[in-house]
DNA sequence: AATTTCCTTGCATACTTATTCACATCCTGT
DNA sequence: ACAGGATGTGAATAAGTATGCAAGGAAATT
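Chains as they are written, first to last, in this note's numbering: chain A, 1 to 154; chain B, 1001 to 1154.
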C-alpha cells in the first residue's frame, strides 16, 4: 500500500501544488488513500522531497538529485537512479512501454536505458516528460514493464 | 543590515549544512548577526530558499523551475484549441496515432493531450512537428484517430 | 499452530517554522 | 520640526512537521 501511495504522491506533486501535509492528506484521501499526517511526514522523508516557496517538490525538480547530494560520482547514472529521480508512472501498449516522468526527466531516463542496453529494448524515444521504449515484442515489453515498475516501486 | 545578513546566509549555506533555523541563528551570531528565529523565518521566505533532506539550500544552486513556482493562469488550453491552431494531419499505424503539426506545434498538442488524460491514450511523445500518440491497442487508436480527425475538421 | 520478527501505521506530543501584534526606526513631504 | 507611512524587528503564539511508542498484521521460523 505504501508504494502505491508514494506513486500517488509523486503524481499529485507533478500535477498540482501542495503546500502542507494536511493538504496532501486531503488530496490523497480523494484518491482513496486515507492516512494521517504522521504517515505523510514519514513518506516525505523517505521520498526525500523538498519543500520550497511553491510547496513540496520532487527531488529532480530542483536539480537535487540524490546522487548529487550523496557523493558518488563515477559513471553515468543507472536506470534505477534516474527512475527514482524522475519517473512517475509506467504503462504498456503492445510492444511499447511508456514511462511518464516529471518535466525534463525523459531525456535522462532514455539515456540511462540506452546506456544499459537491455537486450529486449530495441530503442527509446524521449520527449520532455515521456519516454517511449520500443521492445522486440509484446511479451518482452511486458517484462520490461514489470522490471521498470519494480524499480519505480522500490 | 538585512542585506548583509542575507548574503551571510547564502555564504553559510554554500559552505556548510544547516538543518534548522535555530542552528542558522547560532552560526550567524558567531558572524556577528544577532537576530531571532522569527527574523530568519522571514529571511528564508524572502530568499526563497528550499529545505530538503540535506537542510536548507539556495534556489540558484539547483536550477529551480520558475514555471512550477510562479504564476497561476486559467488552466491549460484544450486539445480542441491547440489542434485548431497547430494540427495539419492525423494518421494511424497499429496502436499509434500520428499528428502532424506546423513547426513547433507538436509540444503544445502533446501537452494538451497529456493534460486531458484520455483513457485510451497511454502516452505521447512530441518532436518538433510530429506527435506520436500511443494507444492501448489498434481499436482504441482508431477511436482516438477519429476523434482527433473530427476535431481537426470542425 | 504458535512464536518470533519485521513493517507499517495512528496517537500523542516534542520540535520546528510562520505569523500576529506591538513597537522602534527611518524616510518624505508639509 | 512634525505627521504619516513605509520597513524591520522581537516576543508570543499559532501552524505545521517529526518522532517515541504501542498496536496490528504479514511473513518467516520453530
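Idealized CB from N, CA, C, for every residue including glycine.
Quick check on the burial criterion: 16 or more other C-beta atoms within 10 angstroms. Buried or exposed for residue 1107 of chain B?
buried
Straight-line Cα distance separating residue 1059 of chain B from residue 1047 of chain B
8 Å
Could you tell me if the beta carbon of residue 1029 of chain B falls within a distance shorter than 7 Å of some heavy atom in the ligand FAD?
Although the ligand FAD was asked about, the structure shown includes no ligands whatsoever.
Work out the CA separation of residue 1018 of chain B and residue 4 of chain A for me, nearest whole Å.
32 Å
Residue 78 of chain A (DSSP reduced to helix, strand or coil):
coil
Would you call residue 1036 of chain B buried or exposed, if buried means 16 or more other Cβ atoms sit within 10 Å of its Cβ?
exposed
Say whether chain A places a C-beta atom closer than 8 Å to the C-beta of residue 1004 of chain B.
no
If we call anything under 8 Å between Cβ atoms a contact, is residue 89 of chain A one with residue 11 of chain A?
yes
Kindly indicate which three-state DSSP category residue 145 of chain A falls into: helix, strand or coil?
helix
Under 7 Å, CB to CB, which of the residues in the stretch 1036-1056 of chain B have a partner in chain A?
1048, 1050, 1051, 1052, 1053, 1054
If contact means a Cβ-Cβ distance below 9 Å, which residues of the stretch 117-145 of chain A contact chain B?
125, 126, 127, 128, 129, 130, 131, 132
is_contact[residue 1007 of chain B, chain A] using C-beta, thresh 8 Å:
no
Below 7 Å CB to CB, which residues in the same chain sit around residue 133 of chain A once its five sequence neighbours on both sides are set aside?
96, 97, 99, 113, 121, 124, 144
Would residue 98 of chain A pass as an interface residue toward chain B - the criterion being a Cβ-Cβ separation below 8 Å?
yes
With a cut-off of 8 Å on the beta carbons, I'd call residue 87 of chain A and residue 109 of chain A a contact; round off their distance for me.
6 Å
Taking Cβ-Cβ distances shorter than 7 Å, what residues in chain A pair up with residue 1095 of chain B?
93, 94
Please state whether DSSP places residue 8 of chain A in a helix, a strand or coil.
helix
Check this for me: beta carbons of residue 1103 of chain B and residue 1152 of chain B, under 8 Å apart or not?
no
Rounded to whole angstroms, what's the CA-CA distance from residue 44 of chain A to residue 25 of chain A? Just pull it up for me.
12 Å
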